[in-house]
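There are 2 protein chains.
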Amino acid sequence: MVAITDVAALAGVSTATVSRYLSGQQVRAAERIRSAIAELDYSPSRTARALKSGVTYTVAIVVPDITNPFFASVVKGIESMSRQGPYHISLYNTDEDPDRERQVIGTVVSQVDGIILAPANEQDQTPDLVRRAGIPLVFLDRTLSQGDGFDSVLVDNEGGGAAAAQHLLGLGHQRIAIIAGPLDTTPGRQRFAGFTAEAERRGVTLPDEYRRISDFREAGGYRETLALLALAKPPTAVFVSNNEMTIGALKALNDMSVSVPAEISIIGFDDLALAALLSPPLTVIRRDAAEQGALAMRLLLKRLSGVRERPRSITLDTELVVRGSCAPPRDSTATPSHEGALRKKGRS
Amino acid sequence: MVAITDVAALAGVSTATVSRYLSGQQVRAAERIRSAIAELDYSPSRTARALKSGVTYTVAIVVPDITNPFFASVVKGIESMSRQGPYHISLYNTDEDPDRERQVIGTVVSQVDGIILAPANEQDQTPDLVRRAGIPLVFLDRTLSQGDGFDSVLVDNEGGGAAAAQHLLGLGHQRIAIIAGPLDTTPGRQRFAGFTAEAERRGVTLPDEYRRISDFREAGGYRETLALLALAKPPTAVFVSNNEMTIGALKALNDMSVSVPAEISIIGFDDLALAALLSPPLTVIRRDAAEQGALAMRLLLKRLSGVRERPRSITLDTELVVRGSCAPPRDSTATPSHEGALRKKGRS
DNA sequence: CTGAAAGCGCTTACAG
DNA sequence: CTGAAAGCGCTTACAG
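Protein chains in written order, with our numbering: chain E, 2 to 349; chain U, 2 to 349.
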């Protein structure tokens with residue numbers, strides 16, 4: 002390994018001067034140093050720098066589930082933005098487990114310059130650890146009840162939930178249900194709130210059995226959909242509040258031979274690669290995951306560059322993508338608004 | 002930050018003794034050191050260790066596209082296996098770009114203990130860099146022409162390609178096409194070879210216009226499918242050799258209102274979350290991505306623990322998952338084998 | 001602008 | 001088994 006002493010020797014200066022050159026200061030022997038570095042193919046040791054100055058040039062990304070396409074896209078966005086700076090990315094997958102998360106944050110907090118975190122739930126005590134360590138943290142997609150003092154990049158979950166409710170109510174549905182994520186997560190809570198509040202505003206109160214609180218996982222979506230179908234009065238439409246649960250819900254409907262949208266309408270949160278190819282194509286609330294990741298990284302880079310402004314919270318918009326999985330309820334006597342007519346039937 | 006000197010002082014021993022205790026050696030003051038560590042909540046600085054002994058406890062994962070669900074699952078498998086050891090994961094996304102890959106490997110090679118790499122193509126010169134650095138590397142899913150001397154975890158691509166050909170030929174298809182990945186990647190080359198060789202063996206030679214070499218991306222699959230459909234004599238069945246291209250192919254068939262499997266049969270490589278919910282459900286060649294990642298990490302951990310055996314290459318099996326997207330050709334006069342009858346129609 | 005020197009937190013021969 | 005000491009590759013006051 003070639004070290005700074007080698008460069009200094011070749012250039013005929015002290016290591017201090019080489020170090021200064023490296024940090025962009027004016028030095029007399031700049032040209033000699035430059036060529037020495039080139040000749041030796043020298044690159045400074047990140048480790049030594051880290052030990053001396055506490056800067057590790059590493060950023061930790063902590064997500065609940067990397068196989069969820071949303072988080073995969075988020076990570077891609079973060080990774081591509083990270084090339085703007087000298088930072089490397091350490092990836093941690095918590096499997097939605099708060100214990101694992103605490104453990105990760107605990108070990109990572111002294112070994113990275115910053116953290117991007119999508120916490121497993123809102124009760125986590127991680128901010129204390131991070132605050133004590135004095136490094137910047139950006140919340141991604143999810144915050145904590147005590148998350149004040151940190152940047153965050155969220156999504157207008159309430160707006161998305163409300164848009165889903167509006168769409169279904171606009172088609173004439175009265176018996177609308179929600180399969181929500183855990184209410185102790187930001188998106189679980191907010192999508193639930195947005196959906197039910199909008200329904201309420203339009204005079205529809207969801208009965209308790211139409212409010213299914215699940216776990217953001219495929220199996221949960223499957224289970225809750227079966228439960229809804231087993232009701233004496235099943236809903237005529239359902240909003241499933243994340244992609245994994247939507248897959249489970251679709252499988253349940255498929256297994257029970259319930260036809261969509263004739264017997265039940267379904268709208269998901271987060272788009273899926275094949276959503277447009279399903280029969281019928283799946284109507285969803287969409288947002289830009291890669292952009293969300295890139296923005297989080299940008300906020301973090303700004304903090305890392307030393308900016309000391311007050312914490313910022315960015316909220317991205319959602320978008321209703323009307324495809325074919327929602328239609329007026331079969332036994333509807335109400336006149337559906339025009340909105341529901343925007344359907345495109347898919348085949349493959 | 003609490004350092005080893007603090008622990009030594011509190012325990013009344015030298016830092017050398019604490020260091021020995023930490024590395025599992027017998028020391029007299031073990032109990033005093035243990036409680037000092039507990040009281041101070043001490044954890045050794047990875048950075049200082051790295052500088053002193055060259056061990057970084059970091060492993061680099063370099064993949065072409067983290068948003069490809071295959072690689073997302075691979076990374077999950079690696080991550081969960083990494084908890085077996087003290088290693089952290091640095092993630093790099095190359096976007097299938099050999100230049101970016103070379104750059105990543107170049108900077109990473111002196112800063113990590115080992116590398117898991119899925120190279121962008123087989124001509125890469127990265128092994129030289131890595132060999133010079135003397136750190137272990139495990140090829141994942143893809144190797145290099147000059148990849149000798151390194152461990153690898155691959156998949157029986159030829160077997161998978163052959164199984165696809167067998168399935169289609171067994172149904173009575175003669176006009177079978179392939180949309181392959183780049184022939185300078187391991188899976189691109191091997192799936193192509195396995196498919197065409199098996200067809201050949203059964204007396205079917207693919208004409209040039211049925212051999213479409215593409216790029217493993219959705220747009221490529223879309224484009225090549227359109228090209229196949231535009232032929233004077235389009236194929237009656239097509240094998241699409243990765244998941245992203247399969248999505249593109251399905252979109253093209255959908256857009257052109259070509260009905261599957263009546264007008265054309267399609268079989269993909271790699272399963273998709275919604276594959277079983279399509280109409281018809283998609284027949285695919287499947288393999289276990291998370292397992293592949295976990296195995297790669299296990300091989301790497303073994304090398305990192307100092308094992309010096311000769312390089313190992315593990316090849317995982319593939320599995321034909323028959324769903325509903327393949328059927329005998331419409332104008333077939335041949336008697337299809339029983340194989341093609343295993344169909345299950347899906348709805349949603 | 002420059003160099004000598006100290007020091008970041010560890011590990012490891014070396015001598016006892 | 002143990003401690004004093006050197007050193008990993010840098011950065012940064014300090015003095016010139």
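The beta carbon of each residue, even a glycine, is placed where N, CA and C say it ideally should be.
(request) Name the one or two DSSP bridge partners that residue 1 of chain E has. (result) Here chain E comprises residues numbered 2 to 349, so residue 1 of chain E is not present and cannot be evaluated.
(message) For a test of the three-state rule: what should DSSP assign to residue 46 of chain U, helix, strand or coil?
(response) Coil at residue 46 of chain U, not helix or strand.
(message) Per DSSP, what are the beta-bridge partners of residue 61 of chain U in this structure?
(response) Paired residues: U:91, U:116.
(request) Find out if the Cβ-Cβ distance for the pair residue 115 of chain U, residue 138 of chain U is shorter than 8 Å. (result) yes
(request) Output, in chain order, the set of chain U residues within a Cβ distance shorter than 9 Å of residue 70 of chain E. (result) 68, 70, 73, 274
(request) If I'm right that residue 142 of chain U touches residue 293 of chain U with Cβ under 8 Å, what's the distance once you round it to whole angstroms? (result) About 7 Å separates the two Cβ atoms, so the contact holds.
(request) Determine, using beta carbons only, whether residue 52 of chain E comes closer than 8 Å to chain U. (result) For residue 52 of chain E, the answer is yes, since a Cβ of chain U falls inside 8 Å of its Cβ.
(message) With a threshold of 8 Å between beta-carbons, can residue 303 of chain U be considered close to chain E, or not?
(response) no
(request) Note the first and the last residue of the continuous alpha helix (DSSP H) segment covering residue 269 of chain U. (result) Note, residue 269 of chain U: premise wrong, no alpha helix (DSSP H); beta strand (DSSP E) at 266-270.
(request) Could you say which of E:45, E:194, E:69 lies nearest to residue 290 of chain E if we only look at CA atoms? (result) E:69
(request) State yes or no: is the C-beta of residue 199 of chain E within less than 8 Å of the C-beta of residue 166 of chain E? (result) yes
(message) Comparing C-alpha positions only, which one of E:244, E:270, E:299, E:261 sits nearest to residue 327 of chain E?
(response) Out of E:244, E:270, E:299, E:261, the CA that lies nearest to the CA of residue 327 of chain E is found in E:261.
(message) To the nearest angstrom, how far is the alpha carbon of residue 15 of chain U from that of residue 304 of chain U?
(response) 33 Å
(message) Within the continuous alpha helix (DSSP H) that includes residue 83 of chain E, where are the two ends?
(response) 70-83
(request) Report the rounded CA-to-CA distance for residue 161 of chain U versus residue 125 of chain U, giving the unit in angstroms. (result) 25 Å
(message) By the DSSP assignment, the alpha helix (DSSP H) with residue 217 of chain E in it spans what residues?
(response) Careful: residue 217 of chain E lies outside any alpha helix (DSSP H) and carries neither H nor E.
(message) Quick check on this structure: which residue in E:49, E:240, E:54 has the alpha carbon closest to the alpha carbon of residue 54 of chain U?
(response) E:49
(request) Please go through the same chain and pick out, in chain order, the residues whose beta-carbon is closer than 8 Å to the beta-carbon of residue 330 of chain U, but skip the five residues on each side of it. (result) 172, 173, 174, 175, 176, 237, 238, 266
(request) Check distances from the C-beta atoms of the stretch 226-258 of chain E to those of chain U and list, in chain order, the residues that come in under 7 Å. (result) 248, 251, 252, 254, 255, 258
(request) Return helix, strand or coil for residue 258 of chain E, following the three-state DSSP convention. (result) coil
(request) Report yes or no: is there a C-beta of chain E within less than 8 Å of the C-beta of residue 76 of chain U? (result) By this cut-off, residue 76 of chain U is an interface position.
(message) Measuring straight from C-alpha to C-alpha, what distance separates residue 41 of chain U and residue 106 of chain E?
(response) 18 Å
(message) Could you check whether the stretch 150-164 of chain U touches the stretch 185-195 of chain U, counting it as contact only if at least three pairs of C-beta atoms, one from each stretch, sit closer than 8 Å?
(response) yes
(message) If you reduce the DSSP assignment to three classes, tell me which class residue 349 of chain E lands in.
(response) Reliability of the predicted coordinates at residue 349 of chain E is poor, the pLDDT of 34 falling under 50, and the value obtained from them is presented with this limitation in mind. Residue 349 of chain E carries a coil assignment under DSSP once its states are collapsed to helix, strand and coil.
(message) Is the separation between the beta-carbon of residue 136 of chain U and that of residue 110 of chain U shorter than 8 Å?
(response) yes
(request) Kindly indicate which three-state DSSP category residue 136 of chain E falls into: helix, strand or coil? (result) coil
(request) Could you tell me which uninterrupted alpha helix (DSSP H) segments, each at least 4 residues in length, are contained entirely in the stretch 147-191 of chain U, listed from first to last along the chain? (result) 158-171
(request) Using a cut-off of 8 Å between C-beta atoms, extract the partners of residue 82 of chain E located in chain U. (result) By Cβ distance, chain U contributes nothing, its closest Cβ being about 11 Å from residue 82 of chain E, past 8 Å.
(request) Closer than 9 Å, Cβ to Cβ, to anything on chain U: give me those residues from the stretch 82-109 of chain E, in chain order. (result) Within the stretch 82-109 of chain E, the residues whose Cβ lies closer than 9 Å to some Cβ of chain U are 84, 89, 90, 91, 92, 93, 94, 96, 101, 107, 108, 109, listed in chain order.
(message) Taking the alpha-carbon of residue 147 of chain E as reference, which of E:39, E:232, E:120, E:61 has the nearest alpha-carbon?
(response) E:120
(message) Which residue wins for smallest C-alpha separation from residue 202 of chain U, given the options U:180, U:164, U:225?
(response) Ranking U:180, U:164, U:225 by Cα distance to residue 202 of chain U puts U:164 first.
(request) State yes or no: is the C-beta of residue 228 of chain E within less than 8 Å of the C-beta of residue 249 of chain E? (result) no
(message) Counting only beta-carbon separations shorter than 8 Å, does residue 124 of chain U have a partner in chain E?
(response) no
(request) Report the residue from U:130, U:134, U:123 whose alpha carbon sits nearest the alpha carbon of residue 145 of chain U. (result) Checked all of U:130, U:134, U:123; the closest Cα to residue 145 of chain U is U:123.
(request) Check whether the Cβ atoms of residue 286 of chain U and residue 321 of chain U lie closer than 8 Å to each other. (result) Yes.
(message) Any beta carbon from chain E within less than 8 Å of residue 138 of chain U's own beta carbon?
(response) Cβ-Cβ to chain E under 8 Å: no for residue 138 of chain U.
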